[in-house]
Amino acid sequence: MKSNISEKIFVTQPSLPPLADFIPYLEKIWENKWLTNCGEFHKEFEQKLAEYLGVKYVSLFTNGMIALQVGMQALRITGEVITTPFTFAATTHAIHWNNCTPVFCDIEPDTFTLDPEKVESLITPKTTAIMPVHVYGNPCQHEKLQKIANTYGLKLFYDAAHVFGVRKNNTAVCSWGDLSMLSFHATKVFNTFEGGALVTNDESLKKRIDFLKNFGFADELTVVAPGSNGKMDEFRAAFGLLQLERVDGEIAKRKAAAEKYRKELADISGIRMLYDLPGVKHNYAYFPILIDAEKFGMSRDALYEKLKQNNIFSRRYFFPLYSDFPTYRGLPSAAPANLPTATKVAAGILCLPLYAEITETELQHIIKTVRSAK
Ligand code: T4K
């Protein structure tokens, strides 16, 4: 089947407000001549975001990666960090950039998040933290992970890049653990072009994070720590305020598209989809499907190519596993034998396009192409 759609359909498309709605914010910035270093919009966005998310403290960042790096410094994480190989580069690289060693732990077959049953056996005297990822917006098994962290005196720092607005039993998932990192990258459910945040319930930790994201300055003459520069500027903070007004509507549109996929692909043998979890309000950040090549009659990579020929640019998030990359593959925990579920999931995973403005025509084209793929 050749494409009947001439425009490329990417895995995602950024949500943008009408341009005219942003002009008054820009006028204010031009008027104030205050561009960065925690100005008015920065303060207002931090406060409104905390209210929206239902969390105590938010610290805005220029992107999620820097937030992860600074967060590790703020928590004084050293030595070994137990983490998942089924994630984006940032999680593992932040550990490496802090001179720590990632210790890869396998994932659960149902949610693809860190398997709490496998964490304890990886703890050594050098372990200081666990860094799980709520991958695709699926919350990790927090109670179990927190219990392990409490028992062994470890920090629990979540890579919460995918869980903007996700709630479990009416609690914000990004409020769990010692600290959580959110990403507001263009490709995320909620974007500020680039951007990110750290979320915590601990006032003194929030204070330390704010020093660390501004070179360690406590005041004009006092530097209390060897900080970095991770601040979000006024342009993006203002944009975030505008985006906040629209995000619920965007998530509702994503939900409708996800439900369409679920309905129309349900009967295809060899395709496994993820469904809503009990008690969880999801954000429909991604639409991953798991291909069983034998049952589906075509490999994941062949389907990826087939979709591409039809102008559909799906992505193999998160293949290859980060434990397979040159920097990390020499680590003992990176051996595929230690990561059987992650290895299997990474081999079959494919993320189909999902975004708020996806059209019915685009969805039908994708569904038809998948259905006719065998
Ligand atoms: N932790 C996790 C678990 C993460 O997933 C991420 C980021 C982070 C940490 C780090 O957070 P940040 O430092 O990024 O805030 C993309 C994103 O760049 C990355 O933010 C994201 N995860 C990752 C999952 O996806 P790529 O390399 O796939 O992006 P790219 O440029 O290929 O974009 C994907 C598609 O999106 C394009 O084919 C078209 C569309 N697109 C993209 C951009 C940038 C647009 O339509 N407009 C755009 O402006 O990494």
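For the sequence shown, this note's numbering assigns the number 527 to the initial residue and increments by one for each residue that follows.
Just so you know, even glycine gets a beta-carbon here, dropped at the ideal spot from N, CA and C.
- Message: Can you find the residues in the same chain that come closer than 8 Å, C-beta to C-beta, to G805, ignoring five residues on each side of it along the sequence?
- Response: So the list reads K694 and N695, once near-sequence residues are dropped.
- Confirm the yes/no value for this check: CB of A863, any heavy atom of ligand 1, distance under 6 Å. It does not: the Cβ of A863 is nowhere closer than 6 Å to a heavy atom of ligand 1.
- What residue from T697, T613, L552 and C666 has the CA that sits closest to E577's CA? Nearest option by C-alpha distance: T697.
- Item | DSSP-derived helix/strand/coil call for L833 | Looking at L833 - three-state DSSP - the assignment turns out to be helix.
- For K714, I'd like the list of residues in its chain whose CB is within less than 8 Å of its CB, leaving aside the five on either flank, ordered along the chain. Within the same chain, K714 has close Cβ partners A687, H688, F690 and A811.
- Task: Helix, strand or coil for L682, going by three-state DSSP, please let me know.
- Result: The answer is strand: DSSP assigns L682 an E or B state.
- Task: With E533 as the anchor, note down where its alpha helix (DSSP H) starts and where it stops.
- Result: Segment: none, E533 is in no alpha helix (DSSP H) and carries neither H nor E.
- Cβ of G590 within 6 Å of any heavy atom in ligand 1? Yes, the beta carbon of G590 sits closer than 6 Å to at least one heavy atom of ligand 1.
- With burial defined as no fewer than 16 other Cβ atoms inside 10 Å of the residue's Cβ, what is the status of P628: buried or exposed? Buried.
- Query: Are the stretch 832–842 and the stretch 598–614 touching by the rule of at least three beta carbon pairs closer than 8 Å?
  - Reply: No, they do not touch.
- Leaving out five residues on either side along the sequence, give the residues of the same chain with a beta carbon under 7 Å from the beta carbon of K670. The residues P642, in chain order, have a CB closer than 7 Å to that of K670 in the same chain once the five nearest residues on each side in sequence are set aside.
- Thinking just about the alpha-carbon of each residue, which of D759, E776, P814 and I797 is nearest to the one in I884? Of the listed residues, the one whose Cα sits closest to I884 is E776.
- Say yes only if the C-beta of F765 is nearer than 6 Å to one or more non-hydrogen atoms of ligand 1, and no if none qualify. No, the beta carbon of F765 sits no closer than 6 Å to any heavy atom of ligand 1.
- Query: Expressed to the nearest angstrom, what Euclidean distance is found between the alpha-carbon atoms of T538 and L800?
  - Reply: Going by the C-alpha atoms only, they are around 18 Å apart.
- Query: Quick one: any contact between the stretch 750–757 and the stretch 540–556, if contact means 3 or more CB pairs under 8 Å?
  - Reply: Short answer: they don't touch.
- Task: Consider the C-beta atom of P540 and the heavy atoms of ligand 1; say whether any pair is separated by less than 6 Å.
- Result: Yes - ligand 1 has a heavy atom lying nearer than 6 Å to the Cβ of P540.
- Range of the contiguous alpha helix (DSSP H) that encloses I555: I555: member of the alpha helix (DSSP H) spanning L545 to N558, first to last residue.
- Round the Cβ separation of S849 and L648 to the nearest angstrom and send it over; I've been treating them as touching at under 8 Å. That pair is no contact at about 13 Å.
- Query: In angstroms, rounded to a whole number, what distance separates the CA positions of L575 and E771?
  - Reply: It is roughly 11 Å from the alpha-carbon of L575 to the alpha-carbon of E771.
- Message: On a Cα-Cα basis, can you pick out the residue from I592, D636, S706 and L561 that is closest to T867?
- Response: Checking every option, the nearest Cα to that of T867 belongs to D636.
- Nearest to A508 (by Cα), restricted to the options E760, W623 and G703: Because the chain here runs from 527 to 900, residue 508 falls outside it and cannot be looked at.
- Message: Helix, strand or coil, according to DSSP, for C484 in the structure here?
- Response: Residue 484 is absent from the model: the chain starts at 527 and stops at 900.
- Taking the alpha carbon of K644 as the point to measure from, which residue in G663, V661 and T609 has its own alpha carbon closest? Considering only G663, V661 and T609, the residue with the shortest C-alpha distance to K644 is T609.
- Express the C-alpha separation of K673 and S706 in angstroms, rounding to a whole number. Cα-Cα distance, rounded: 17 Å.
- Message: Distance check for F844 and T618, CA to CA, integer angstroms please.
- Response: When rounded, the separation of the alpha-carbon atoms in T618 and F844 is 13 Å.
- Task: Would you identify the three-state DSSP class for V928, choosing helix, strand or coil?
- Result: No answer is possible for residue 928: it lies beyond the span of the chain, which begins at 527 and ends at 900.
- Task: Would you mind sorting V750 into buried or exposed? The rule is 16 or more other CB atoms within 10 Å of its CB.
- Result: Exposed is the call here.
- Query: Taking the C-alpha atoms as reference points, what is the distance between P543 and I815?
  - Reply: Using only the alpha carbons, I get a separation of about 30 Å.
- Could you check what DSSP says for E746 in three-state terms: helix, strand or coil? Residue state, collapsed to three classes: coil.
- Task: Compute every distance between the C-beta of T613 and the non-hydrogen atoms of ligand 1, then say whether any falls below 6 Å.
- Result: Checking every heavy atom of ligand 1 against the Cβ of T613, one is found closer than 6 Å.
- Cβ-Cβ separation, S701 to V581 (assumed contact under 8 Å), whole Å: Between the beta-carbon of V581 and that of S701 there is about 4 Å, and that keeps the pair under the 8 Å contact cut.
- Message: Strictly by DSSP, which residues pair up with M799?
- Response: According to DSSP, M799 bridges with I815.
- Message: Assuming contact is defined by CB atoms lying nearer than 7 Å, are G663 and H808 in contact in what I supplied?
- Response: Taking 7 Å as the Cβ cut-off, G663 and H808 qualify as a contacting pair.
- Task: Report yes if the C-beta of F659 is less than 6 Å from at least one heavy atom of ligand 1; otherwise report no.
- Result: Checking the sequence shown, residue 659 turns out to be Val, not Phe. Remark: the C-beta of V659 is in contact range of ligand 1, defined as less than 6 Å to any heavy atom.
- Have a look at I735, E729 and C631 and flag the residue whose alpha-carbon is nearest the alpha-carbon of P658. Nearest to P658 by alpha-carbon distance, out of I735, E729 and C631, is C631.
- Query: How would you write the range of the alpha helix (DSSP H) that V596 sits in, first residue to last?
  - Reply: Taken as a continuous stretch (DSSP letters only), the alpha helix (DSSP H) holding V596 covers G590 to A600.
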